[in-house]
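Student: Starting off with a structure, shown below.
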Amino acid sequence: HMDRYGEALECYDAAISIDPKYAWAHMGKGDCLVDMDRYEEALECYDAAISIDPKYAWAHHHKGLALHEMHMYKAATKCYDAAISIEPGHREAHRGKAGCLLDMDRYEEAAECYDAALRLDPEDAASHHHKGICLYMLGRYAEALECHDAALRLDPEYAGAHMDRGRCLSKMGRGEEAAQCYAESLRLTSK
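Numbering (this note's numbering), first residue to last: 14 to 204.
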């Protein structure tokens with residue numbers, strides 16, 4: 014795979030040498046560098062794209078993703094906020110921000126961000142599931158269970174949602190049902 018990334022980098026560099034103000038090429042080069050685990054260089058590319066086009070919501074979002082991968086959650090959250098302020102309907106930026114807040118143990122705020130993502134895309138099983146994790150961490154097990162059920166209606170093979178559904182049921186004193194969820198999660202992950 015590394016040769017393909019090298020080829021891709023050459024293509025992005027060629028595009029940038031032809032048009033140094035081509036923000037998309039800078040962002041694409043950043044994405045390629047992220048895939049190669051070269052995060053610092055990727056951030057420089059995203060910054061270049063943003064300096065060329067400060068209203069480029071996707072560049073802010075992708076910079077947020079890179080910072081999130083680097084566990085720089087506060088900085089990533091600022092990038093997601095920038096993307097959302099430019100493009101309020103940017104579902105992925107709402108999801109990214111929610112994920113950062115979840116990783117910072119800010120469960121209430123994270124759940125609100127997942128709600129924002131779900132208003133934009135109610136069919137997003139992952140957002141239902143992750144909102145359920147937030148509610149579980151807040152001790153709101155019945156509400157969390159509803160979220161995991163919603164995720165599983167959308168994606169019955171979602172092993173993580175089965176596992177977390179089991180955790181909720183266990184906290185609610187429904188051990189036998191919880192055991193079935195754990196078994197289903199294990200079955201799906203060992204396929």
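Glycine included, C-beta positions come from ideal geometry on N, C-alpha and C. Only a predicted model underlies this, so the values are computations on that prediction, with no experimental measurement involved.
1) Is it right to say residue 68 is buried, meaning 16 or more other beta carbons lie within 10 angstroms of its own, or is it exposed?
2) Mark residue 97 as exposed unless 16 or more other C-beta atoms lie within 10 angstroms of its C-beta, in which case mark it buried.
3) Return yes when the Cβ of residue 86 is within less than 8 Å of the Cβ of residue 75, no when it is not.
4) Pull up the distance between the alpha-carbon of residue 198 and that of residue 154, whole angstroms please.
5) Which residue marks the beginning of the alpha helix (DSSP H) containing residue 204, and which one marks its end?
6) Taking the alpha carbon of residue 111 as the reference point, which residue from 194, 122, 36 has its own alpha carbon closest?
7) Compare the C-alpha of residue 200 against each of 49, 170, 119 and name the closest.
8) What are the start and end residues of the alpha helix (DSSP H) that includes residue 43?
9) Please go through the same chain and pick out, in chain order, the residues whose beta-carbon is closer than 7 Å to the beta-carbon of residue 137, but skip the five residues on each side of it.
10) Taking 8 Å as the threshold (C-beta atoms), are residue 39 and residue 61 in contact?
11) In whole angstroms, what is the alpha-carbon distance linking residue 156 and residue 126?
12) By alpha-carbon positions, which one of 46, 29, 33 ends up nearest to residue 17?
Tutor: Concretely, from the data shown:
1) Numbered from its first residue, the sequence shown carries residue 68 at position 55. With fewer than 16 Cβ atoms within 10 Å of its Cβ, residue 68 is classed as exposed.
2) Mapped onto the sequence shown, residue 97 falls at position 84. Looking at its Cβ environment, which holds 16 or more other Cβ atoms inside 10 Å, residue 97 is buried.
3) Locating residue 75 in the sequence shown gives position 62, where the first residue counts as 1. Locating residue 86 in the sequence shown gives position 73, where the first residue counts as 1. Between residue 75 and residue 86, the C-beta gap is not smaller than 8 Å, which leaves the two residues out of contact.
4) The count along the sequence shown starts at 1 and reaches residue 198 at position 185. The count along the sequence shown starts at 1 and reaches residue 154 at position 141. Distance between the alpha carbons of residue 198 and residue 154: 19 Å.
5) The residue given as residue 204 occupies position 191 in the sequence shown. The continuous stretches of alpha helix (DSSP H) do not include residue 204, and DSSP gives it neither H nor E.
6) Indexing the sequence shown from 1 puts residue 111 at position 98. It is 122.
7) Numbered from 1 along the sequence shown, position 187 holds the residue referred to as residue 200. Nearest option by C-alpha distance: 170.
8) As a first step, residue 43 must be located in the sequence shown, where it is residue number 30. Counting along the chain, the alpha helix (DSSP H) containing residue 43 begins and ends at 36-48.
9) Walking along the sequence shown from the start, residue 137 turns up at place 124. Short of 7 Å from the beta carbon of residue 137, and not among the five residues preceding or following it, lie these beta carbons of its own chain, in chain order: 130, 131.
10) Indexing the sequence shown from 1 puts residue 61 at position 48. Indexing the sequence shown from 1 puts residue 39 at position 26. Cβ atoms of residue 61 and residue 39: closer than 8 Å.
11) Taking the first residue of the sequence shown as 1, we reach residue 156 at position 143. Taking the first residue of the sequence shown as 1, we reach residue 126 at position 113. Whole-angstrom Cα-Cα distance: 16 Å.
12) Position 4 of the sequence shown holds residue 17. It is 46.
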